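Asker: For reference, the structure I am asking about is given below.
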Amino acid sequence: MGMSKNYWKIVLLITGLPLLTACNNLTNGEKEQIQNRPDSGRHLSVAEPISSVGIPDIVRPLPVVAAPQIVPQLELYSVVVQDVQVSELLFAMARDAGINVDVHTDVRGAVSLNVIDQTLPQILDRISRQIDIRWNFERADYLIVEPDLPGLRSYRIDYVNVSRSAQSVVSVSTGVGEDDTNVSTSVLTQASSNDFWQTLQENLSAILGESIDDEGGTRSVIVSPESGLVTVRANSRQHREIYDFIESVRTRALFQVLIEATIVEVNLNDRFRSGVDWSLLARDNGQVSFSQDLLGLELDDTPTNVLTIDKSAGPDAISATIKLLSQFGDTQVLSSPKLMALNNQTAMLRVVDNRIYFTIEVEAGTAASAAGPGTPTVYTSEVHSVPVGFTMAVTPQISQNDQVTLNVRPTISRIIRFVDDPNPALADAGVISSIPEIQIREIESILKVDSGQIAILGGLMQDTIDYSNTGLPGLNRLPIIGGLFGIKDRNTVKTELIIFIRPTVIKRASINADFQEYREYLPVSAGNTAAQKSLLTF
């Protein structure tokens with residue numbers, strides 16, 4: 002057979018030589034004729050030069066899913082033992098399974114099991130719940146069983162190293178002055194503190210059954226807030242419990258809440274002097290509803306009693322509701338802040354102007370006399386500042402079913418007028434010291450709404466009286482007879498302050514996840530996707 006192959010190779014070589022020789026013996030005219038022959042579709046031709054065009058975008062191939070691997074089916078065993086030494090049970094199971102086993106001499110204790118059709122790793126896990134052992138397969142047929150001695154293991158937790166405390170005080174007093182004995186005072190004080198790392202160390206120590214010493218540390222829990230590491234010395238069973246606890250804490254503590262608030266002031270017309278009729282608005286809109294769960298057989302959760310807008314109304318529900326409020330009077334949006342807050346962390350938003358005013362004290366001088374020279378008048382001024390604008394403090398708490406409990410306190414302040422200090426010393430010296438009179442409107446409440454649902458806080462009403470004097474300039478302001486040359490008008494305006502609050506649970510703060518609706522507002526250049534991967538913050 003080998004000779005036959007060589008024979009045909011020689012024949013083909015000899016046969017092809019005349020053809021090659023014939024191609025080489027062409028005249029110059031025949032070669033030129035062949036070169037000028039038109040191209041045929043069956044022959045390769047030189048490609049036309051590609052015009053200069055822009056380089057197309059890189060097409061990224063889709064990731065290829067690896068082919069599923071066949072997982073071998075583990076053999077099942079049934080074991081029924083009572084008060085049997087663990088070493089004897091392990092040796093018997095190794096003989097039945099046909100594997101090698103090394104059992105440490107310190108592995109002692111009796112076990113009782115009733116196992117039906119379970120794999121060897123499952124049986125070993127059940128044994129480890131009764132006897133402190135740690136097992137590992139070095140190979141598929143080599144099992145090592147050792148006593149479960151405490152060992153170090155580190156856990157990474159990405160959380161900011163900061164300790165925070167917040168306090169909210171709302172007080173109302175009916176008395177004026179310091180010496181008024183007939184005073185009725187109502188004070189509401191709320192305080193919260195948050196030290197994540199200290200609380201975590203205390204919880205881990207409680208799992209291990211240890212107490213924190215006087216210096217704030219333990220033998221088995223090492224917390225490093227600067228590096229975001231927690232190192233724990235524990236056995237395998239305790240490490241499993243600690244891992245489950247840390248995973249739960251890490252998941253819940255890093256959830257965020259996007260809080261959108263809109264503060265609207267409505268100048269009520271004469272028809273609705275008693276305030277906004279929400280029943281009329283609910284009939285026109287269909288999305289406004291009053292929800293409560295105070296009536297029922299059981300109260301297994303915090304009861305709610307709140308006026309809300311259903312989350313199915315869409316992202317423009319607040320704007321649509323504000324337009325509907327125009328039927329009650331002229332509307333004006335005072336502020337529309339957005340802020341993010343971590344779970345159970347207080348967030349503060351302040352949009353204020355620090356208005357400056359001065360208080361002046363006068364120490365009257367003395368005139369010169371025969372007894373001695375006089376003293377000059379001494380003026381002392383002290384600078385003060387008062388914040389005027391919008392302030393909101395909010396603390397969210399996320400439940401397991403994505404309901405948000407909010408402790409919210411929005412405050413709006415403004416200067417109504419300036420009042421002169423009636424100090425006689427100032428009047429004698431001809432000095433005017435004006436003190437601002439501040440109007441404060443605020444709500445402090447705890448409410449519970451679903452994620453994406455809009456809560457409505459309203460009912461903050463006030464009357465504003467505007468005086469106007471029209472008539473002949475100069476003459477209408479004369480005392481006694483000024484009324485003959487002009488008209489004094491008194492206009493009362495009733496306003497109501499309405500606050501819309503929408504909390505949204507954010508589990509993935511990415512423009513490709515929970516912030517997809519804001520993608521269109523980001524300036525992204527061609528081929529640049531870095532902005533799309535950035536987090537959206539307010």
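Numbered per my numbering, the sequence shown spans residues 2 to 539. Don't be surprised by glycine CBs; every beta carbon is placed ideally from N, CA and C. Here the structure is a predicted model, which means the values were calculated and not measured.
Check for me: the beta strand (DSSP E) holding Y358 runs from which residue to which?
Answerer: Taken as a continuous stretch (DSSP letters only), the beta strand (DSSP E) holding Y358 covers A348 to E364.
Asker: Determine the extent of the alpha helix (DSSP H) in which Y156 is found, giving its start and end residues.
Answerer: Where Y156 is concerned, there is no enclosing alpha helix (DSSP H), although the beta strand (DSSP E) it sits in stretches over G152 to R157.
Asker: In chain order, what residues of the same chain lie with their CB nearer than 8 Å to the CB of L153, ignoring the 5 residues before and after it?
Answerer: Only T232, V233 and R234 meet the Cβ criterion.
Asker: For L295, which of helix, strand or coil comes out of DSSP?
Answerer: In this prediction, L295 has a pLDDT of 38, which is less than 50 and means its spatial position is unreliable; nothing more can be read from the coordinates.
Asker: Which residue from P374, V379 and A348 puts its Cα closest to that of V363?
Answerer: Checked all of P374, V379 and A348; the closest Cα to V363 is V379.
Asker: In three-state DSSP terms, what is I436?
Answerer: Reduced to three states, the DSSP call for I436 is strand.
Asker: Would you mind giving the Cβ-Cβ distance between D159 and D133, rounded to the nearest angstrom? I have them listed as a contact below 8 Å.
Answerer: Wrong, their Cβ atoms sit about 32 Å apart, outside the cutoff.
Asker: If you follow the alpha helix (DSSP H) that Y244 is in, where does it begin and where does it stop?
Answerer: Per DSSP, Y244 belongs to the alpha helix (DSSP H) from S237 to A254.
Asker: Compute the Euclidean distance between the alpha carbons of D301 and S249, then round it to the nearest angstrom.
Answerer: Below a pLDDT of 50, predicted positions are generally treated as unreliable, and D301, at 46, falls in that range; the measurement from the model is reported next regardless. Cα to Cα, the separation comes out at about 22 Å.
Asker: Looking only at C-alpha atoms, which of A369, T106 and A95 sits nearest to P122?
Answerer: The shortest Cα separation from P122 among A369, T106 and A95 belongs to A95.
Asker: Roughly how many angstroms separate the alpha carbons of V47 and R509, rounded to a whole number?
Answerer: With a pLDDT of only 44 at V47, under 50, the local geometry of the prediction cannot be trusted, and no value is derived from it.
Asker: Which stretch, first to last residue, makes up the beta strand (DSSP E) that contains E147?
Answerer: E147 -> beta strand (DSSP E) spans Y143 to P148.
Asker: Is it true that the CB of F391 sits closer than 7 Å to the CB of S320?
Answerer: Cβ atoms of S320 and F391: not closer than 7 Å.
Asker: Relative to the C-alpha of A111, which candidate in T412, N101, H105 and L90 has its C-alpha closest?
Answerer: Closest option to A111, Cα to Cα, is L90.
Asker: Within its chain, find whatever has a CB closer than 8 Å to the CB of A365; leave out the 5 residues flanking it on each side and keep chain order.
Answerer: Same-chain partners within the cutoff: T378, A426, D429 and A430.
Asker: Could you tell me the boundaries of the beta strand (DSSP E) in which V85 lies?
Answerer: Y78 to Q86 is the extent of the beta strand (DSSP E) around V85.
Asker: Specify whether the region 397-410 and the region 266-283 touch according to this definition: at least 3 beta carbon pairs, one from each stretch, less than 8 Å apart.
Answerer: Verdict: no, contact absent.
Asker: Pull up the distance between the alpha-carbon of V224 and that of V116, whole angstroms please.
Answerer: Spanning the two alpha carbons is a distance of roughly 41 Å.
Asker: What does the alpha-carbon distance come out to for the pair T322 and S206?
Answerer: Answer to the nearest angstrom: the Cα atoms are 51 Å apart.
Asker: Take F197 and list the residues in its own chain whose beta-carbon comes closer than 6 Å to its own, dropping the five residues that flank it on each side.
Answerer: Hits under 6 Å: Y160.
Asker: I'd like the span of the alpha helix (DSSP H) that includes D126, first residue to last.
Answerer: Note, D126: alpha helix (DSSP H), L121 to Q131.
Asker: Is DSSP giving Q74 helix, strand or coil here?
Answerer: In this structure, Q74 counts as coil in the three-state DSSP scheme.
Asker: Contact check, L461 vs S446 under 8 Å by CB: the rounded distance?
Answerer: Not quite, the Cβ-Cβ distance comes to about 12 Å (not below 8 Å), so this is no contact.
Asker: Short check: CB of I145 to CB of N137, under 7 Å?
Answerer: Yes, the pair counts as a contact, with Cβ atoms nearer than the cut-off.
Asker: Out of G373, R251, T347 and T376, point me to the one whose CA is closest to T406's CA.
Answerer: Here the closest residue by C-alpha is T347.
Asker: Got a sec? Which residues, its chain only, sit under 6 Å from R135 by beta carbon, not counting five neighbours each side?
Answerer: These residues qualify, in order along the chain: E147, D149 and S237.
Asker: In its own chain, which residues sit with a C-beta less than 6 Å from the C-beta of D103, not counting the 5 before and 5 after it?
Answerer: These residues qualify, in order along the chain: I145.
Asker: How big is the Cα-Cα spacing for S382 and I439?
Answerer: Cα-Cα distance, rounded: 21 Å.
Asker: One question on the structure: do I416 and V384 come within less than 7 Å of each other, judged by their Cβ atoms?
Answerer: In this structure, V384 does not lie closer than 7 Å to I416 by Cβ.
Asker: With a threshold of 7 Å on Cβ separation, who are the neighbours of E521 within its own chain once the five nearest residues in sequence on each side are excluded?
Answerer: Here the set comprises nothing.
Asker: Assuming P423 is part of the alpha helix (DSSP H), what are its boundary residues?
Answerer: Per DSSP, P423 belongs to no alpha helix (DSSP H) and is neither H nor E.
Asker: In the DSSP assignment, what residue or residues form a beta bridge with Y160?
Answerer: Y160 pairs with nothing; no bridge assigned.
Asker: Take the Cβ of T190 as the centre, count every other Cβ of all protein chains shown within 10 Å, and call the residue buried at 16 or more, exposed below.
Answerer: Burial call: exposed.
Asker: Taking a contact to mean a Cβ-Cβ separation below 7 Å, would you say P397 touches V494 in this structure?
Answerer: No, these two residues do not count as a Cβ contact at 7 Å.
Asker: Going by the CB atoms, is the gap between Y156 and I247 shorter than 7 Å?
Answerer: Yes, they are a contact pair.
Asker: Determine, using beta carbons only, whether I264 and I500 come nearer to each other than 7 Å.
Answerer: Contact: yes.
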